[in-house]
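Take a look at the structure set out below.
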Amino acid sequence: MTNSAFIAAALDPTAPVPNGIVGADGAPTTKRFNVYRNNIVVGLKDALATGFPAIKSLVGDAFFDAMAGECVRQFPPASPLMAEFGAAFPAFIATFPPAASLPYLADVARLEWAMRQAYHAADSAPVAADRLTDPEAFFARVTLAPAVQMVRSAYPICDIREAAFGGPAPKGGAQDALITRPEFDPIVTPFPSGTAAVIDALLAGETLGAAIEHAPQSLDLTSFIGALLSGGAITHLEDIA
26 MTNSAFIAAA LDPTAPVPNG IVGADGAPTT KRFNVYRNNI VVGLKDALAT
76 GFPAIKSLVG DAFFDAMAGE CVRQFPPASP LMAEFGAAFP AFIATFPPAA
126 SLPYLADVAR LEWAMRQAYH AADSAPVAAD RLTDPEAFFA RVTLAPAVQM
176 VRSAYPICDI REAAFGGPAP KGGAQDALIT RPEFDPIVTP FPSGTAAVID
226 ALLAGETLGA AIEHAPQSLD LTSFIGALLS GGAITHLEDI A
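If you count by the numbering used here, then the sequence shown holds residues 26 to 266, one letter each, in order.
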């Protein structure tokens, strides 16, 4: 039996006991394998609940359990590292019919997944804050920390996430979420829709000044640059000749 066949049987409650899974009498151990199968699914659903706490809070335990169970069976882990499990969950939510009435849910899941990526990203040392006080810095290309993430959404996903944990009701519209990790835990900072274009430009190699030209008019540049600095997001400034 192949590993993939065994995994498929372990995740499908209607599948027969795989060949070779027998007891002392040589007969298939149906009850024992069903316990094993149930434990696998429960463990994977618990992993999704741990990785996506805002989603669980927004939809409730019963809805989350059903949704996570479907996802686990369609997208089992591809790696033994549980930190990598859940990458498919946001896209799954977007196509899960019972969640159609919550169109923002997939984007909130994308935000939570990006936060996990930031948490597990490699460590890096930020540049000194006074480097950006030099006017020449705006003619420099910058290197961003591996933990920096940006999530676009047509919904106020940062506010929705906060509301899931007891914060005020969301107000306003689309948000771009900047994720930084100054120390151990990621920080989410909301910015106006279109702000992600600045990060895209920096990653594409544009200078800081050129990248800022992509910013939406509603962006408070002081707050944005401040969030990059306080979040340890800039790790290198290209030397200007």
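Idealized CB from N, CA, C, for every residue including glycine. Keep in mind it's a predicted model, so treat the numbers as computed, not measured.
Using only CA atoms, which one of Gly191, Asp159 and Thr214 lies nearest to Asp245?
Thr214
Could you please give me the residues that DSSP links to Ser178 through a beta bridge?
Gln200
Got a sec? Which residues, its chain only, sit under 7 Å from Ala134 by beta carbon, not counting five neighbours each side?
Phe77, Ile80, Phe114, Pro115 and Ile118
If you draw a straight line from the alpha carbon of Val152 to that of Trp138, how long is it in whole angstroms?
27 Å
Reducing DSSP to helix, strand and coil, say where Arg206 ends up.
coil
Could you give the first and the last residue of the continuous beta strand (DSSP E) run that contains Leu169?
Val167 to Leu169
Note down the Cα distance separating Ile250 from Thr168, rounded to an integer number of angstroms.
14 Å
Taking Cβ positions, are Pro217 and Pro241 nearer each other than 8 Å?
yes
Could you tell me the distance, in whole angstroms, from the CA atom of Tyr61 to the CA atom of Asp71?
Residue placement at Tyr61 is poorly supported in this model, since its pLDDT is 49, which falls under 50; the coordinates still yield a value, given next. Straight-line Cα distance between these residues: approximately 15 Å.
When you compare the CB positions of Tyr180 and Asp132, do they come within less than 8 Å of one another, or not?
yes
If you draw a straight line from the C-alpha of Thr158 to the C-alpha of Gly257, how long is it?
16 Å
With H, G and I counted as helix, E and B as strand and the rest as coil, what does DSSP make of Pro128?
coil
7 Å Cβ shell around Ile237 - same chain, five flanking residues per side excluded
Val223 and Leu246
Going along the chain, which residues of its own chain have a beta-carbon closer than 6 Å to the beta-carbon of Ser243, five neighbours each way excluded?
Pro217
Can you give me the Cβ contacts of Pro207 inside the same chain, cut-off strictly under 7 Å, excluding the 5 residues immediately before and after it?
Ser255, Gly256 and Gly257
Report all residues from its chain with a CB closer than 8 Å to the CB of Gly234; omit the five preceding and five following residues, and keep chain order.
Phe163 and Phe164
Could you compute how far the alpha carbon of Ala189 sits from the alpha carbon of Ala252?
23 Å
Only counting the same chain, and skipping five residues up and downstream in sequence, which positions put a Cβ closer than 8 Å to that of Val97?
Leu36, Val66, Leu69, Lys70 and Leu73
Using beta-carbon positions only, say whether Leu136 and Val173 come within less than 8 Å of one another.
no
DSSP three-state call for Tyr61: helix, strand or coil?
Only weak support exists for where Tyr61 lies, its pLDDT of 49 falling under 50; the value from the coordinates is given anyway. Helix, per DSSP.
Counting C-beta neighbours from all protein chains within 10 Å, is the total for Gln99 16 or more, i.e. buried, or is it exposed?
exposed
Name the one or two DSSP bridge partners that Thr214 has.
Leu203
Between the alpha carbons of Ala150 and Asp86, how many angstroms are there, rounded?
40 Å
Residue span of the alpha helix (DSSP H) that contains Leu262, given as start and end:
Leu262 -> not in any alpha helix (DSSP H); beta strand (DSSP E) instead, spanning Ile259 to Leu262.
Could you tell me the alpha carbon to alpha carbon distance between Phe89 and Met140, rounded to whole angstroms?
20 Å
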